[in-house]
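Colleague: Numbering (this note's numbering), first residue to last: 110 to 453.
1) So, are the CB atoms of residue 383 and residue 271 less than 7 Å apart?
2) According to DSSP, is residue 357 part of a helix, a strand, or is it coil?
3) What are the start and end residues of the alpha helix (DSSP H) that includes residue 281?
4) Given this structure, state the Cα-to-Cα distance separating residue 180 from residue 217, to the nearest angstrom.
5) Just checking, does the segment 194–207 make contact with the segment 259–270 on the three C-beta pairs under 8 Å criterion?
6) Tell me the rounded alpha-carbon separation between residue 294 and residue 280.
7) Count the other C-beta atoms from every protein chain shown that fall within 10 angstroms of the C-beta of residue 304, then say buried if there are 16 or more, exposed otherwise.
8) Please determine, among 354, 288 and 367, the residue with the shortest C-alpha to C-alpha distance to residue 450.
9) In whole angstroms, what is the alpha-carbon distance linking residue 442 and residue 265?
10) Run through DSSP, which three-state label would residue 378 get?
11) Which partner residues does residue 156 have in the DSSP bridge list?
12) Taking just the CA atoms, how far does residue 157 sit from residue 239?
13) Report yes if the CB atom of residue 275 is closer than 7 Å to the CB atom of residue 354, and no otherwise.
14) I'd like the list of long-range same chain contacts for residue 252, defined as Cβ closer than 8 Å, with 5 residues on each side in sequence excluded.
15) Output the boundary residues of the alpha helix (DSSP H) element that contains residue 129.
16) Output the boundary residues of the alpha helix (DSSP H) element that contains residue 422.
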């Protein structure tokens, strides 16, 4: 969209006095831009330049991007070719094919913005782009995103608590931790009950059933292993945990696979590895934490055959629910950590 499509204001009133602004055009005054911009983000900014016939080949990336034409002009290529001029803004959806090309003598200066994760070329040896001709299975991008968010997840406040060794050295802290964890464990059980109950696809229902049988009763295992008798009540923990349950009634099967297996089971595997070091040695027979360190590694891969049957057009929706689910499981972990430390 052109700069002129964003409504301008020229002054603002403060304490009864008018102050001149020249001209100010807030992106969120434009309906399309407001919908595109996230409310919460880890933004990345990069100045970009092409000149005198230089070309940025058609490519795609797993995250949305915004390009501002700060000066000059450039041709947008790919799915939606368009000549761009100074003041134009381009909103690039995840996996849209696009590139840029200048003519001889033409110069383009712009600002490239991403809203989540690393910038496209922030890590020079691990660019988050695939150029035309290098584009692989679209699901690879989903799996890369999931791995990126998992890596970020393992730096949250709960894993920081695990690494501090405070749980190893403080029995009362361990008791508070297992009490808070029991809240999430019960919601996890309800989540897999609900998914099994409402699944109508006979092939994937059988795959779910095997997972259900392996996970059944793990909340009781936690309670019995660690004598959980107290109740932890934290409104944010309850809300974030219940989000996973409600999604089983709202999402399609592909999205549920992303939530349960790509996100929750990936989190559970990392969680199990971290906590087995703390709790495993003290356990007898079947131990809640050892079980999750081992079983969840296999559970992460359930449903991938089903995902491979989907058209590429389904990918943006799967990417979106992947991000949302990681946000929620991060919140679950942060509230467990807070309740454990008495910061509720």
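We put the beta carbon where it would ideally sit given N, CA and C, even for glycine.
Modeller: On the basis of the coordinates in this document:
1) Yes, these two residues count as a Cβ contact at 7 Å.
2) Three-state result, residue 357: coil.
3) Here the alpha helix (DSSP H) through residue 281 covers 280–307.
4) Looking at the two C-alpha atoms, the distance is approximately 6 Å.
5) The segment 259–270 and the segment 194–207 do not touch, with fewer than three beta-carbon pairs separated by less than 8 Å.
6) Taking the straight line joining both Cα atoms gives about 20 Å.
7) Residue 304 counts as buried, since at least 16 other C-beta atoms from the protein chains shown sit within 10 angstroms of its C-beta.
8) Among 354, 288 and 367, the Cα nearest to that of residue 450 belongs to 288.
9) Going from the Cα of residue 442 to the Cα of residue 265 covers about 8 Å.
10) In the structure shown, residue 378 sits in a helix (DSSP, three-state: H, G or I).
11) Note: residue 156 sits in a beta bridge opposite 220.
12) About 18 Å.
13) Their beta carbons are not under 7 Å apart, which means residue 275 does not touch residue 354 by this criterion.
14) Result list for residue 252: 371, in chain order.
15) Run containing residue 129: none in the alpha helix (DSSP H); it sits in the beta strand (DSSP E), 126–133.
16) In the DSSP assignment, residue 422 falls outside any alpha helix (DSSP H) and carries neither an H nor an E.
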